[in-house]
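Just so you know, the sequences run in chain order A and B.
For the first sequence, the numbering used here gives the first residue as 217, with consecutive numbering after it.
For the second sequence, the numbering used here gives the first residue as 4, with consecutive numbering after it.
Reviewing the structure listed below.
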Amino acid sequence: MTTLAAPPPGGPAGPVAASITFAWRSLLKIKHVPEQLGDVIGIPVLFTLLFTYLFGGAVSGSTHQYLQYLLPGTLALAVVFVTVYSGVTLNRDLTTGTFDRYRSMPIWRPAPVVGALIGDLGRYLLAAGLVVGLGFAMGYRAHGGAPGVLAAVALVTLFASALSWTWTTLGLVLRTPTAVMNLGFVVLFPLTFVSNVFVAPRTMPAWLRDVADANPISHLVTTARALMNGTATSHQVLGVIATSAAITIVFAPLTTVLYQRRQ
Amino acid sequence: MTSSATDLAVQARGLVKTFGRQRAVDGLDIDIPAGIVHGVLGPNGAGKTTLIRMLATLLRPDAGTARVFGHDVVREAEAVRRRISLTGQFASVDEDLTARENLVLLARLHGHTSGAARRRADELLEGFGLTEAAGRLTRQLSGGMRRRLDIAASILVRPDLLFLDEPTTGLDPRSRSHVWDLVRRIVAEGTTVLLTTQYLDEADQLAHRIAVVDHGRVIASGTRGELKASAGAGGVRVRLSDPGQRDKARAVLTTVLGAPVHPDDDPAGLRGQIAADRPGGSAGIAVEALAHLARAGIEVSDFSYGRPSLDEVFLALTGNPAELTEATA
Ligand SMILES: Nc1ncnc2c1ncn2[C@@H]1O[C@H](COP(=O)(O)OP(=O)(O)OP(=O)(O)O)[C@@H](O)[C@H]1O
Ligand SMILES: [Mg+2]
């Protein structure tokens, strides 16, 4: 055989095609190494079970009633936790020869990062599906019906996509994947606990309640709850979309610039 | 300038790259003509990888210039990337993907449609003896298979210049010669190859021209023959039957060879280079040396004559043999 072959006449893949190819790479990784997601998805699943059956009675009078409150919260929690992986995988990739190869190819330079984030949508949907499925199995009722659930999943996924840019920024700044993971959880644990995911902030002391009320996670969860209950207002939905846009506008360019500068 | 810049695959002048206090590449000049395998030979930490990363547009030089087929690696990085392909020192294929998926992914990035990408991937898997490994995850492949996959991944589309950074480090002799065959095939089809290695025999086997690098600089360069000639016209090695005659034999040899003769680790051994300016041809002088020893009544149990090995070249250039690892065969 001839070892070498001429390049395809159309030249190398453009920015969109290259990004989609890298998104495919991410999905393949989910397929081949699903255990990578284990701990991240394990936590929300565990919390859903634990909090419902352990504290449900005490908090809401019955486990069923508490699950109605909790599930949209753990849905958001699951997907938000998974976002840390965007930074962790980017950081890991940067230290491998694989990224050197991509970066020495005549393709749009940020394509590997952008593509990975598109592929991460697969992870978010997987995590969301798992938690929602578990909720239904435990007796959760969505009064907003299927459209409400799908809208809530879509909104949470949108917010997660925006949030993942903050982790890719961190992934470019920090030295090791473990550092990204640790910092991610150090930030996310207080952020998700001091919110309305588990309990209504009105039972908290005033200073903490102010923090919880201002927390963007609270707004996300409130809106997801409302969507699943069929009571959401467009004001709520637009608020979350605006927050997501704001995060993206700051951190997407920051990630791109840091990545381009990276040697 | 004797040749126009575009006849050269690589032309670097005064390249410098520092990491903190470490001057990884320190005023390096190199010219690599197109169409050959050019070896860059140097011990650990010599700056080989840093040089390649600068030429492949991954690192920005702190000083100096480098051109690849006439394109500046900093200002015309995009044009450079269209001509090159890189097989890094450390696995440059994705561990979590199968062998085939890795090739298909890269073929798509090169602009192949999905059907064409799969055909090209299968063609290379077959040509590189990887058909059986096609569906296995890359991290489960043996070192030799992975290296072959690495190289296959670099030639999905014909590169004009291929960087191979220590392609056979850690491979067993059979896998090494397999990789060497692949490199020969690639260069025979017109691609220029820049190959770094710590192995003298590898450079000797593959490279048409060699640059010896140490502490970030080229300390010698030329064809294999030129490099070897620079270390002397040739050398002789003698082993005496009686170690007691070593001093006498040393005196005789020094006169005939016209250059210093050194005692070996072996108490009955001696070795010396033949002075390059000696008339009569080095083989003739070797014969003469043997005759003189016989006439002086010195019995010789072993005698060898040969051109210097690259090993000796490196020793002569750096005076530091310990840093350079000889291939374990
Ligand atoms: N990113 C980096 N940060 C700090 N120092 C570095 C970096 N890369 C290389 N160096 C240093 O620069 C010097 C040259 O390294 P380089 O990797 O280019 O050598 P090499 O010839 O490829 O060695 P080897 O044969 O071990 O691969 C070494 O001293 C190394 O420690
Ligand atoms: Mg190296």
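Virtual Cβ for every residue (Gly too), placed ideally from N, Cα, C.
Where does residue i land, buried or exposed, given buried means 16+ other C-beta within 10 angstroms?
i                 : result
Ala297 of chain B : exposed
Ile288 of chain B : buried
Gln14 of chain B  : buried
Gln276 of chain B : buried
Thr419 of chain A : exposed
Ile189 of chain B : buried
Gly258 of chain A : exposed
Leu62 of chain B  : buried
Glu169 of chain B : buried
Asp336 of chain A : buried
His41 of chain B  : buried
Tyr340 of chain A : buried
Pro263 of chain B : exposed
Gly132 of chain B : exposed
Gln452 of chain A : buried
Val290 of chain B : exposed
Return the CA-CA distance between residue i and residue j, expressed in angstroms with no decimal places.
i                 : j                 : result
Pro469 of chain A : Gly303 of chain A : 15 Å
Leu345 of chain B : Ala136 of chain B : In the structure as shown, chain B begins at 4 and stops at 332. Residue 345 of chain B is therefore absent and cannot be evaluated.
Gln284 of chain A : Ser276 of chain A : 10 Å
Leu265 of chain A : Lys247 of chain A : 26 Å
His435 of chain A : Ile463 of chain A : 15 Å
Tyr318 of chain A : Pro328 of chain A : 8 Å
Ser244 of chain B : Leu260 of chain B : 21 Å
Trp383 of chain A : Val403 of chain A : 11 Å
Asp204 of chain B : Pro46 of chain B  : 14 Å
Gly338 of chain A : Phe22 of chain B  : 39 Å
Ala325 of chain B : Phe317 of chain B : With a pLDDT of 37 at Ala325 of chain B, under the threshold of 50, the predicted position of this residue should be treated as unreliable, though the coordinate-derived value follows. Cα-Cα distance, rounded: 10 Å.
Val261 of chain A : Pro406 of chain A : 18 Å
Ala94 of chain B  : Thr314 of chain A : 7 Å
Arg357 of chain A : Arg84 of chain B  : 56 Å
Ala156 of chain B : Ala124 of chain B : 9 Å
Gly228 of chain B : Glu302 of chain B : 33 Å
Leu165 of chain B : Glu251 of chain A : 36 Å
Leu100 of chain B : Arg151 of chain B : 15 Å
Thr439 of chain A : Ser320 of chain A : 44 Å
Leu346 of chain A : Val77 of chain B  : 48 Å
Thr331 of chain B : Val182 of chain B : In this predicted model, Thr331 of chain B has a pLDDT of only 33, less than 50, meaning its place in the structure is not dependable enough to derive any value.
Thr305 of chain A : Leu374 of chain A : 20 Å
Asp316 of chain A : Leu11 of chain B  : 24 Å
Leu140 of chain B : Gly360 of chain A : 44 Å
Arg391 of chain A : Leu54 of chain B  : 23 Å
Gly400 of chain A : Ala378 of chain A : 15 Å
Compare the C-alpha of residue i against each of the options and name the closest.
i                 : options                                   : result
Ala119 of chain B : A:Arg308, A:Gln476 and A:Pro223           : A:Pro223
Val221 of chain B : B:Thr21, B:Gln14, B:Arg26 and B:Ile33     : B:Ile33
Gly254 of chain A : A:Val402, A:Ala233 and A:Val295           : A:Val295
Arg242 of chain B : B:Ala223, B:Gly261, B:Asp267 and B:Thr195 : B:Asp267
Thr257 of chain B : B:Arg274, B:Gly50, B:Ala232 and B:Arg212  : B:Arg274
Val482 of chain A : A:Pro228, A:Arg478, A:Ile465 and A:Met444 : Since the displayed chain A opens at 217 and closes at 479, residue 482 of chain A lies outside it and no answer follows.
Tyr352 of chain A : A:Thr392, A:Val396 and A:Leu291           : Checking the sequence shown, residue 352 of chain A turns out to be Phe, not Tyr. Selected option, being the one with the closest Cα: A:Leu291.
Gly17 of chain B  : B:Asp65, B:Glu79 and B:Leu174             : B:Asp65
Leu159 of chain B : B:Arg121, B:Thr141, B:Thr134 and B:Ile55  : B:Arg121
Val249 of chain A : B:Thr226, B:Arg161, B:Arg142 and B:Ala278 : B:Arg142
Gly446 of chain A : A:Ser411, A:Thr237, A:Pro288 and A:Gly227 : A:Pro288
Asp305 of chain B : B:Leu31, B:Gly272 and B:Val290            : B:Gly272
Ile334 of chain A : A:Trp324, A:Leu379, A:Leu390 and A:Trp240 : A:Trp240
Gly355 of chain A : A:Ala221, A:Thr237 and A:Gln281           : A:Gln281
Asp269 of chain B : B:Val255, B:Arg253, B:Asp250 and B:Pro246 : B:Pro246
Ala294 of chain B : B:Ala252, B:Leu167 and B:Ala278           : B:Ala252
Gln25 of chain B  : B:Ala12, B:Asp10 and B:Gly50              : B:Gly50
Ala30 of chain B  : B:Thr200, B:Gly219, B:Arg179 and B:Val196 : In the sequence under discussion, the amino acid at residue 30 of chain B is Gly, which differs from the Ala named in the question. It is B:Gly219 whose Cα lies nearest to the Cα of Gly30 of chain B.
Val19 of chain B  : B:Leu44, B:Gly38, B:Ala37 and B:Met57     : B:Met57
Pro322 of chain A : B:Phe72, B:Leu140, B:Thr60 and B:Met148   : B:Thr60
Who are residue i's beta bridge partners in DSSP?
i                 : result
His265 of chain B : B:Arg274
Gly238 of chain B : B:Gln276 and B:Gly309
Arg220 of chain B : B:Asp217
Ala15 of chain B  : B:Ile33 and B:Ala69
Gly225 of chain B : B:Ile213
Val43 of chain B  : B:Thr199 and B:Ala214
Leu89 of chain B  : B:Phe166
So which residues of chain E does residue i contact, with C-beta pairs closer than 8 Å?
i                : result
Phe93 of chain B : Looking for chain E here will not work: the only protein chains present are A and B.
Could you list the residues in the region 189–200 of chain B with a C-beta less than 7 Å from some C-beta on chain A, going in chain order? Answer set for the region 189–200 of chain B: Ile189, Glu192 and Thr194.
Can you give me, in chain order, the residues of the region 9–35 of chain B that have a beta carbon less than 7 Å from any beta carbon in chain A? Contact annotation: in the region 9–35 of chain B, no residue has its CB less than 7 Å from a CB in chain A.
Residues, ordered as in the chain, of the region 463–475 of chain A that lie near chain B by beta-carbon distance below 9 Å: Listed by position along the chain: nothing, the set is empty.
Using a Cβ-Cβ cut-off of less than 7 Å, give me the residues of the region 43–55 of chain B that come near chain A, in sequence order. Going along the region 43–55 of chain B in chain order, one finds no residue with a Cβ nearer than 7 Å to chain A.
Just by C-beta distance, which residues in the region 410–438 of chain A are closer than 9 Å to chain B? Among the residues of the region 410–438 of chain A, none has a Cβ less than 9 Å away from any Cβ of chain B.
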